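Number of protein chains: 2
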Amino acid sequence: MEATSSKAERTRHLIVEKSAHLFNLKGYAGTSMQDIMAATGLTKGGIYGHFESKEEIALAAFEHAAGVVTQLLAEKIAAKITATAKLQALLSFYKTYLIAPPVQGGCPVLNTSVEADDTNPLLRASVVRVLNRLHKSVANIVKLGITQGEFKASADAERFSILFVSMVEGGVMVSKAYGDPKYLATVLQQLELMIDQELKF
Amino acid sequence: MEATSSKAERTRHLIVEKSAHLFNLKGYAGTSMQDIMAATGLTKGGIYGHFESKEEIALAAFEHAAGVVTQLLAEKIAAKITATAKLQALLSFYKTYLIAPPVQGGCPVLNTSVEADDTNPLLRASVVRVLNRLHKSVANIVKLGITQGEFKASADAERFSILFVSMVEGGVMVSKAYGDPKYLATVLQQLELMIDQELKF
Ligand SMILES: [Mg+2]
Ligand SMILES: [Mg+2]
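So the protein lines, in turn, are chains A and B.
With our numbering, the residue at position 190 of the first sequence is 280, and numbering never jumps.
With our numbering, the residue at position 65 of the second sequence is 155, and numbering never jumps.
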């Protein structure tokens with residue numbers, strides 16, 4: 091929070107941030123206005139002064155939660171020079187994803203996607219925008235690797251990015267179900283193998 | 091429905107089946123008793139005559155939905171002789187999974203896992219039992235392939251089963267988010283490649 095942000099902005103941010111954790115843990119349908127009131131210490135009127143509906147909070151909260159994750163990913167990617175190191179930094183990020191999730195409740199893209207895909211077109215559209223961003227980030231690293239001469243010219247950036255995102259999300263889901271990082275770790279190890287065998291010279 | 095089933099059994103089955111579709115589409119928290127009443131044509135009292143709580147309906151509905159999917163998978167596996175053909179039959183099953191899902195709303199294991207992992211220990215335990223069954227089915231096919239001399243003795247049945255289940259679930263999630271089978275198809279193609287390269291002689 092910047093020191094110059096107005097009280098209204100701070101209150102709005104408080105609602106979005108607390109709701110992001112609640113929604114990611116309990117789902118949108120599973121979170122009541124009472125839950126948001128309890129988490130923020132605001133009255134219903136205090137919340138509806140900033141948002142027209144629970145759906146509007148849901149959209150802002152998902153965008154906040156997804157933004158936290160994609161911002162962290164962007165930092166990990168930017169901190170490395172080679173494409174191989176950038177991809178490995180992503181794998182390392184996901185290695186600790188379950189133990190210390192940036193947003194309580196695990197992956198907001200996974201959680202929101204499953205809940206919204208058949209029920210909430212606006213929220214689903216927001217999920218698709220974040221998935222596009224994730225796919226593009228990974229594909230751009232592969233393309234960089236080709237340009238920098240680290241990866242084969244035949245490396246298929248789009249295909250690898252689809253596999254990367256799907257495998258990580260599936261591994262997160264299974265490991266969260268079991269409460270055991272083993273499943274995600276196996277998936278990440280396979281992705282490491284694929285970087286070595288399919289991308290690198 | 092067997093002709094000999096009692097009216098009580100038929101009513102119970104109706105509640106479970108209709109709820110399974112509702113829950114799989116809208117989530118447990120997103121489905122109200124009113125939704126179940128509308129789908130079954132029963133009164134609240136008529137429903138609570140068979141179940142003590144919405145949570146009890148949720149458990150029975152998830153077990154029914156997961157049973158529908160695992161039964162279909164078991165039939166696909168049983169219909170083939172070789173381990174390779176059994177694994178390919180699973181991949182074919184998932185190829186049409188989004189276009190004609192056995193239970194509306196997609197994969198009940200994925201949907202229920204994401205909703206229950208942080209909120210409902212009983213339902214999560216039920217998800218884990220189904221995941222165990224899925225992992226075991228795939229691992230057993232790999233072991234059979236080794237015994238039958240189709241697969242390398244070094245093929246890692248547990249590792250492959252973890253990758254198979256995580257990758258399929260992740261591919262289902264991403265393809266459902268986009269409403270485009272391309273993502274799941276890419277994942278299934280990669281699994282086919284892994285059967286050829288990692289399992290087969
Ligand atoms: Mg859904
Ligand atoms: Mg969850």
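Where is the CB? At the ideal position from N, CA and C, for every residue including glycine.
Just so we're clear, the structure is a prediction, and the values are computed from it rather than from any experiment.
With respect to the 8 Å criterion, residue 267(A) and residue 218(B) are classified as neighbours on the basis of their beta carbons. For residue 272(A), the enclosing alpha helix (DSSP H) begins and ends at 272-284. The alpha carbon of residue 289(B) has as its nearest neighbour, out of 245(B), 276(B), 251(B) and 253(B), the alpha carbon of 245(B).
For residue 101(A), the enclosing alpha helix (DSSP H) covers residues 97-116.
Taking a beta-carbon distance threshold of 8 Å, residue 143(B) does not count as an interface residue toward chain A. Under the 8 Å Cβ criterion, the stretch 183-199 of chain B does not count as touching the stretch 122-132 of chain B, having fewer than three qualifying pairs. CA-CA distance, residue 278(A) to residue 258(A), rounds to 7 Å. Annotation for residue 176(B): 167, 170 and 231 place their beta carbon closer than 7 Å to its own, counting only its chain and skipping 5 residues before and after.
Scanning the stretch 128-193 of chain A for uninterrupted alpha helix (DSSP H) segments of 4 residues or longer gives 134-138, 144-168 and 173-185, listed from N- to C-terminal end. Not one beta carbon of chain B lies nearer than 8 Å to the beta carbon of residue 232(A). When secondary structure is reduced to three states using DSSP, residue 226(B) falls in the helix class. Shown in chain order are the members of the stretch 238-262 of chain B whose Cβ falls below 9 Å from a Cβ of chain A: 248, 249, 252, 253, 255, 256, 257, 258, 259, 260, 261 and 262.
Residues are counted here when their Cβ sits less than 7 Å from a Cβ of chain B; for the stretch 202-235 of chain A these are 203, 204, 205, 207, 208, 209, 214, 217, 218 and 221, given in chain order. Between ligand 2 and the CB of residue 201(B), the shortest heavy atom gap is not smaller than 7 Å. Chain order gives no chain B residues near residue 158(A), where near means a beta carbon separation below 7 Å; the closest approach is about 17 Å.
The contact set of residue 267(B) on chain A, defined by CB atoms closer than 7 Å, consists of 203, 207, 214, 217, 218 and 221 in chain order.
Inclusion of residue 271(A) and residue 181(A) in the CB contact set at 8 Å is not warranted, their separation being larger than that value. Contacts between residue 280(B) and chain A, judged by CB atoms closer than 7 Å, involve 253 in chain order.
The Cβ of residue 119(B) sits closer than 8 Å to at least one Cβ of chain A.
Per DSSP, the continuous alpha helix (DSSP H) segment holding residue 254(A) begins and ends at 247-268.
Residue 196(A) has its CB nearer than 7 Å to a heavy atom of ligand 2. Residue 235(A) has its alpha-carbon roughly 44 Å from the corresponding atom of residue 155(B).
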